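Each remark here refers to the structure printed beneath this line.
Numbering (the numbering used here), first residue to last: 613 to 1016.
Quick look at the structure:
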């Protein structure tokens, strides 16, 4: 079991969005080669909501919550019931299975808040938790924080479409050996991989067979690129008995600033999550909850236009990196790209710092998503198209400068 100091050291956030400016430059300035590569700052560690504006009317709808006053400020800990009723209907239609607004749904301070509550409701000292590698960096950190035992599950994402996905054989072995919880994202962050129906059906069947609780992050499940399909775990033929699904109107809808998320699933787990939320943050910000009324209520064609714009950026970046010889999977959904760089003369973390200092480009190192990965970077390509393309070209130039 980790000591208190070890737990907080494991929560290191140097490479989290907005934290890069706190990094000291003293340890790597002597490693700089060549000239500064001029260009506007592009921060690929998160999306640019100035490039992709929030859902129309979100400000107006927020004001409606503000004007409602105290009744909206102090909702139930799991969120305003009327808002939950509307959300339950829309989310149920989207995911293919009804949701009971009173017992199966909680509103949270962002999807990060939902993830914290879900793991806090299922993980304690010694709980075995299967975690995909690579996957969202907070999964591993939270398991450690709650004193769970990490069980890594490899994710194949650079192979053919039939071979990509979590290693099911390793997963079943982990379940047999006592894994209690399995947490994963689909679409996957950082690769953009969407789990196939075959994989989802197998995961659901194994969950029921071994009594494993699933925590499924579906944050990007609305942004599917052309020709892609999506299987909602909660609505598959053999739906898991113990499961939490996490979503939110943040990245795809550019509503991150409102810090809104939801979790829905097994009533007993939702109840635990509410009890925990009551002592952590009380509730999702009351006025902000009103903005949920815009979610799945966007103007006709709005989502299709946003997906088309993101696909254009994705394809432009893929062409640049593949022309330069980088290995990179084609994201099926979401807004993340995970290129593998050629061998460099400096370690990955140093290169990321040099990239920020010398080329005005911020990316996230792969080690955040799987400790053993030391040659890939993650980019959130929800950016201005021209700025993103120019920044990608600077990344390629920097790799040329620092190649072995």
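Just so it is clear, CB atoms sit at the ideal spot from N, CA and C, and this is done for glycine as well. Quick caveat: nothing in here was measured; it's all calculated off a predicted structure.
* To do: Taking only the alpha-carbon atoms, compute the straight-line gap between residue 781 and residue 765 and give it to the nearest angstrom.
  => 9 Å
* Nearest residue (CA-CA) to residue 640, options 957, 880 and 728 -> 957
* In three-state DSSP terms, what is residue 990? -> strand
* Asked: Can you give the beta carbon distance from residue 748 to residue 808, rounded, assuming they're within the 8 Å contact cut?
  -> Their Cβ separation, rounded to whole angstroms, is 19 Å, which puts residue 748 and residue 808 out of contact at 8 Å.
* Helix, strand or coil: which one does DSSP assign to residue 649? -> coil
* Could you name the residues that DSSP lists as bridge partners for residue 858? => 829 and 875
* To do: Pull up the DSSP beta-bridge partners for residue 794, would you.
  => 742 and 826
* Asked: Going by other Cβ atoms of all chains shown within 10 Å of its Cβ, with 16 needed for buried, is residue 713 buried or exposed?
  -> buried
* To do: Check whether the Cβ atoms of residue 932 and residue 1001 lie closer than 8 Å to each other.
  => yes
* Looking at the C-beta of residue 754, does it have a partner C-beta in chain B at a distance below 8 Å? -> You won't find chain B in this structure, because it holds only one protein chain.
* N- and C-terminal bounds of the alpha helix (DSSP H) containing residue 616 -> 616-621
* Asked: DSSP state of residue 1005, grouped into three classes?
  -> helix
* Where residue 686 falls, given that 16 or more other Cβ within 10 Å makes a residue buried -> exposed
* To do: Within the same chain, show all residues whose beta-carbon is closer than 8 Å to that of residue 921, passing over the 5 residues directly before and after it, in chain order.
  => 664 and 997
* **Coarse secondary structure for residue 777, derived from DSSP in three states** => strand
* Asked: What's the C-alpha gap between residue 681 and residue 614?
  -> 44 Å
* DSSP puts residue 948 in a beta bridge; with which residues? -> 992
* To do: Return the chain-ordered list of same chain residues with a C-beta closer than 7 Å to the C-beta of residue 648, the five sequence neighbours on each side being excluded.
  => 970
* To do: Could you check what DSSP says for residue 717 in three-state terms: helix, strand or coil?
  => strand
* Proximity to residue 961 [Cα-Cα], best of 985, 940 and 862 -> 985
* To do: Pull up the distance between the alpha-carbon of residue 672 and that of residue 848, whole angstroms please.
  => 37 Å
* Cβ-Cβ separation, residue 976 to residue 657 (assumed contact under 8 Å), whole Å -> 5 Å
* Asked: In whole angstroms, what is the alpha-carbon distance linking residue 845 and residue 816?
  -> 7 Å
* C-alpha distance - residue 926 paired with residue 683, whole-angstrom precision -> 43 Å
* To do: Quick one: give me the first and last residue of the beta strand (DSSP E) that residue 761 is part of.
  => 761-768
* Asked: Are residue 688 and residue 879 touching if we call contact CB-CB under 8 Å?
  -> no
* Tell me, which residues are paired with residue 1015 by DSSP? -> 956
* Asked: Quick one: any contact between the segment 820-827 and the segment 778-794, if contact means 3 or more CB pairs under 8 Å?
  -> yes
* To do: Would you tell me roughly how many angstroms separate the C-alpha atoms of residue 990 and residue 972, rounded to the nearest one?
  => 16 Å
* How far does the alpha helix (DSSP H) with residue 701 in it reach, from first residue to last? -> 693-707
* Whole-angstrom distance between residue 667 and residue 643, CA atom to CA atom -> 44 Å
* Could you check if residue 662 is buried or exposed, using at least 16 other CB atoms within 10 Å of its CB as the buried criterion? => exposed
* My understanding is that residue 988 touches residue 950, with C-beta atoms under 8 Å, so please give their C-beta distance in whole angstroms. => 6 Å
* Residue from 786, 751, 788 and 872 with nearest C-alpha to residue 861 -> 872
* Is residue 777 buried or exposed, if buried means 16 or more other CB atoms sit within 10 Å of its CB? -> buried
* Chain-order list of residues whose beta-carbon lies under 7 Å from that of residue 737 (same chain, five-residue window excluded) -> 613 and 759
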